[in-house]
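K.L.:
Residue numbers (the numbering used here): 13 to 631.
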Amino acid sequence: MVVCGDDGLAHRLAAELRGVYGEQVTLVVPASERSVRPPVVVRARAASALLDRVVTAAAGLTGNGGGGNSGTAPAAEPPGGIRLMEAAEPNEVALAEAGVERAHALALVYDDDETNIRAALTARRLNPRLRLVLRLYNRRLGQHIEELLDQAAALAYGEGAGGAADGSGFDASTTVLSDADTAAPALAATALTGTSKVLQTGGLLLRAVERPPSGAGTSADPGLATLALLSPTDSAGPGGDQGPTLLPDAAAVRDGGGRATVVLEQVSYAGPSLPDGRGVMPWFASLFSRRLRWSLAGMVGCVLALAVALWLVTGIHPLRAFYLTLLDLFAIDDPAIGESVGRQILQLLSGLAGLLLLPVLLAAVLEALGTFRTASSLRKPPRGLGGHVVLLGLGKIGTRVLTRLRELNIPVVCVESDPEARGLATARRLRVPVVLGDVTQEGVLEAAKIHRAHALLAVTSADTTNLEAVLYARAVRPDLRVVLRLYDDDFATAVYRTLRAAHPRASTRSRSVSHLAAPAFAGAMMGRQILGAFPVERRVLLFAAVDVGGHPQLEGRTVGEAFRAGSWRVLAREESGDSPGLAWDLPDTYVLQASDRVVLAATRRGLAELLGRRGRAGT
Numbered sequence: 013m014v015v016c017g018d019d020g021l022a023h024r025l026a027a028e029l030r031g032v033y034g035e036q037v038t039l040v041v042p043a044s045e046r047s048v049r050p051p052v053v054v055r056a057r058a059a060s061a062l063l064d065r066v067v068t069a070a071a072g073l074t075g076n077g078g079g080g081n082s083g084t085a086p087a088a089e090p091p092g093g094i095r096l097m098e099a100a101e102p103n104e105v106a107l108a109e110a111g112v113e114r115a116h117a118l119a120l121v122y123d124d125d126e127t128n129i130r131a132a133l134t135a136r137r138l139n140p141r142l143r144l145v146l147r148l149y150n151r152r153l154g155q156h157i158e159e160l161l162d163q164a165a166a167l168a169y170g171e172g173a174g175g176a177a178d179g180s181g182f183d184a185s186t187t188v189l190s191d192a193d194t195a196a197p198a199l200a201a202t203a204l205t206g207t208s209k210v211l212q213t214g215g216l217l218l219r220a221v222e223r224p225p226s227g228a229g230t231s232a233d234p235g236l237a238t239l240a241l242l243s244p245t246d247s248a249g250p251g252g253d254q255g256p257t258l259l260p261d262a263a264a265v266r267d268g269g270g271r272a273t274v275v276l277e278q279v280s281y282a283g284p285s286l287p288d289g290r291g292v293m294p295w296f297a298s299l300f301s302r303r304l305r306w307s308l309a310g311m312v313g314c315v316l317a318l319a320v321a322l323w324l325v326t327g328i329h330p331l332r333a334f335y336l337t338l339l340d341l342f343a344i345d346d347p348a349i350g351e352s353v354g355r356q357i358l359q360l361l362s363g364l365a366g367l368l369l370l371p372v373l374l375a376a377v378l379e380a381l382g383t384f385r386t387a388s389s390l391r392k393p394p395r396g397l398g399g400h401v402v403l404l405g406l407g408k409i410g411t412r413v414l415t416r417l418r419e420l421n422i423p424v425v426c427v428e429s430d431p432e433a434r435g436l437a438t439a440r441r442l443r444v445p446v447v448l449g450d451v452t453q454e455g456v457l458e459a460a461k462i463h464r465a466h467a468l469l470a471v472t473s474a475d476t477t478n479l480e481a482v483l484y485a486r487a488v489r490p491d492l493r494v495v496l497r498l499y500d501d502d503f504a505t506a507v508y509r510t511l512r513a514a515h516p517r518a519s520t521r522s523r524s525v526s527h528l529a530a531p532a533f534a535g536a537m538m539g540r541q542i543l544g545a546f547p548v549e550r551r552v553l554l555f556a557a558v559d560v561g562g563h564p565q566l567e568g569r570t571v572g573e574a575f576r577a578g579s580w581r582v583l584a585r586e587e588s589g590d591s592p593g594l595a596w597d598l599p600d601t602y603v604l605q606a607s608d609r610v611v612l613a614a615t616r617r618g619l620a621e622l623l624g625r626r627g628r629a630g631t
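1) Grab the span of the beta strand (DSSP E) containing Ala117 for me, first residue to last.
2) Need the endpoints of the alpha helix (DSSP H) that Met538 sits in, please.
3) Give a yes or no on whether the C-beta atoms belonging to Thr194 and Phe533 are separated by under 9 Å.
4) Under 9 Å between the Cβ atoms of Ala110 and Leu146?
5) Beta carbon of Thr213, beta carbon of Ala557: below 9 Å?
6) Taking its Cβ as the centre, do 16 or more other Cβ atoms sit within 10 Å of Gln605, making it buried, or is it exposed?
7) Do you know offhand how far Ala135's Cα is from Tyr33's?
8) Can you tell me whether Thr273 is buried or exposed? The criterion is at least 16 other CB atoms within 10 Å of its CB, across all chains shown.
9) Select from Val105, Ser473, Ala365 the residue whose C-alpha is nearest the C-alpha of Leu496.
10) Kindly indicate which residue of Ala240, Glu98, Gly398 has the alpha-carbon position closest to the one of Ala263.
11) When burial is assigned at 16 or more other CB atoms within 10 Å of the CB, is Thr505 buried or exposed?
12) If you run the structure through DSSP and keep just helix, strand and coil, what is Ile422?
13) Taking the alpha carbon of Gly366 as the point to measure from, which residue in Val353, Leu308, Val275 has its own alpha carbon closest?
14) In terms of alpha-carbon separation, which member of Leu138, Arg551, Leu148, Asn150 lies closest to Ala164?
15) Whose CA, out of Ala545, Leu420, Val447, lies closest to the CA of Asp430?
16) Going along the chain, which residues of its own chain have a beta-carbon closer than 6 Å to the beta-carbon of Leu29, five neighbours each way excluded?
17) Run through the segment 454 to 498 for me and flag every whole beta strand (DSSP E) of 3 or more residues, listed as ranges in chain order.
18) Among Glu159, Leu167, Asn128, Val15, whose alpha-carbon lies nearest the alpha-carbon of His116?
19) Can you list, in chain order, the residues of its chain whose CB lies under 8 Å from that of Leu414, leaving out five sequence neighbours each side?
20) Under three-state DSSP, which class holds Arg411?
21) Within a Cβ cutoff of 7 Å, which residues of the same chain sit near Asp559, ignoring the five residues on either side of it in sequence?
22) Looking at the structure shown, is Trp323 part of a helix, part of a strand, or coil, going by DSSP?
23) Which residue's Cα is closest to the Cα of Leu566: Leu594, Ala27, Leu612?
24) Under a Cβ-count criterion, where at least 16 other Cβ atoms within 10 Å of its own Cβ denotes burial, should Gly561 be classed as buried or exposed?
25) Please work out which residues of its chain come closer than 6 Å, Cβ to Cβ, to Gly354, disregarding the five sequence neighbours upstream and downstream, and give them in chain order.
26) At the 9 Å Cβ level, is Arg617 part of the contact set with chain B, yes or no?
27) According to the Cβ coordinates, are Val265 and Val221 closer than 9 Å?
28) Measure the Cβ-Cβ separation of Ala467 and Arg509 and say whether it is below 9 Å.
29) Work out the CA separation of Val471 and Gln453 for me, nearest whole Å.
30) Bridge partners for Ile542 per DSSP, in chain order?
31) For Trp323, collect the residues of the same chain with a Cβ closer than 7 Å to its Cβ; drop the 5 residues on either side in sequence, then sort them by chain order.
32) Rounded to a whole number of angstroms, what is the C-alpha to C-alpha distance between Ala56 and Met538?
33) Less than 9 Å between the C-beta atoms of Leu528 and Val507, yes or no?
34) Taking only the alpha-carbon atoms, compute the straight-line gap between Leu374 and Leu341 and give it to the nearest angstrom.
35) Please report the straight-line C-alpha distance between Thr631 and Asp261, rounded to a whole angstrom.
36) Measuring CB to CB, does Ala203 end up less than 9 Å from Leu469?
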């Protein structure tokens, strides 16, 4: 695997590929990246150089200085198993020296889209069967680039981009990802459930939950599936003589009553939700104010009462009575001369009601015109709102998180200081209340009803702003669940420990976008079928979507027969037709067909055996 990048995501991705998947990795970074690269946001990335050095040290990376005529530094093989190489830019010479022609996959995660695209085109020419993973912010451009590179790979071998014609098993696919898109589900799940161990598949958001041990001979609710039995001594430690049991069978789960379990659950929200704005009544409510709506309702009731009274007094047809009432109401000249006294009194009352109706109609017209004129204005948080998520920041990350939260039908109130932020258009489209103002000013979080909120998500690009918002929110409500985005890992660790010590009963999480996005990029480098990975103590469980056809361990077998304890387990089957999705309640007697596509959990060794990959020495 070859990883090229200029920020913390490249280092994290290399460590993820080596530590989780056991791959041989070559990391290509700019020679002067740590000292020359200007920060994107001064306040947010003031410690970017320190972060890169810390991540490099944590991954066991060391490199030799000096450069050659090609602009690349000699590569080193550090004890951590990651080969480090320095290059000024990912040109043809640097990619060739990194071994792209012999590589299985290449990840281009530079902060500049143009650099990634130029390097991807060069790499595809050097190795048409190379699997490519690109980091692009422009979604539309990414789709075109993905199709272009896949087509280039297909033309090179005269077949689809799914593999090489020589039968070597290489997957020459191209995957375009954005760190904002990949980190959004984890941030949303952290705000909702307090954990970032999430997996997104089939439109569902899943999480791995550790449950305390149950009594001997009894078993707790397994959720969607029981993934592992934790070590009997300490679920958070190395496990002593006996480590965790991955993918246990029913007998092991039943007999392991004294051990904690890791189960798979669906992330859901059962609290109150904001109105979706559909139907006639919500549209009418958004068009007119509450006071004007009551005034209109009163006038309608008055007209109906007058029409009924005229019908009872004169005995005429109800429709004619309603018609005459409207004539009187709008002062159309039809005096009730020669009529009964009751009819004349009702005509006078109708004329009076007409006079009262004029200002109401004028106010309705003016308010409707004002509503249409300010249709692009932002909504305010409704009265009595509670149990919602306060989202601070509507930039690149905040916009993706907002979309994900509304997909889960979670009520959100956004706080943004920039009236030209990119996420305001998304908030208008989703009809999400927004408070415009600087969160450092008093009263802004109160306007977002932070005292009745379920969680606070601070994801602005400034660390100091996120920290100040969290500290102020904790002062208002000490038990509030908070999730803040911090760029520097050391700073995030110190903030997390301090907040946990000051508020031990409250949920506090500090997250780095590159840390959350690295697993998705690593999974894409392993192949499009890899959905994600969950760490279980010192071991890792992988989740993959696999076509049953061509796998003798699955095809023609029942779900029970295909299950191999400690290696792999079929969790769900993708359904097609009018309502595509995942079927999780597969009986053990269901026979897997060649046309089925299943989602399974597997160990690294089990997945390698199932997919027929060659083992690597020293992994």
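All C-beta atoms in this analysis are idealised placements derived from N, C-alpha and C, irrespective of residue type, glycine included.
P.N.:
In terms of the structure at hand:
1) 117 to 121
2) 525 to 538
3) yes
4) no
5) yes
6) exposed
7) 23 Å
8) buried
9) Ser473
10) Ala240
11) exposed
12) coil
13) Leu308
14) Leu138
15) Val447
16) Met13, Glu35, Val37, Ala534
17) 467 to 470, 493 to 497
18) Val15
19) Leu403, Leu406, Val424, Cys426, Gly435, Thr438, Ala439, Leu442, Val444
20) The sequence given here places Thr at residue 411; Arg does not occur at that position. DSSP places Thr411 in helix when its eight states are reduced to three.
21) Arg609
22) helix
23) Leu612
24) exposed
25) Val325
26) Looking for chain B here will not work: only one protein chain is present.
27) no
28) no
29) 17 Å
30) Ala556
31) Pro330, Ala333
32) For Ala56, the predicted model reports a pLDDT of 34, less than 50, meaning its position is unreliable and no value from the coordinates is stated.
33) no
34) 16 Å
35) Caution is warranted here: a pLDDT of 37 is assigned to Thr631, below 50, making its placement in the model unreliable, and the coordinate value is therefore given only provisionally. Between Thr631 and Asp261, the C-alpha separation is close to 27 Å.
36) yes
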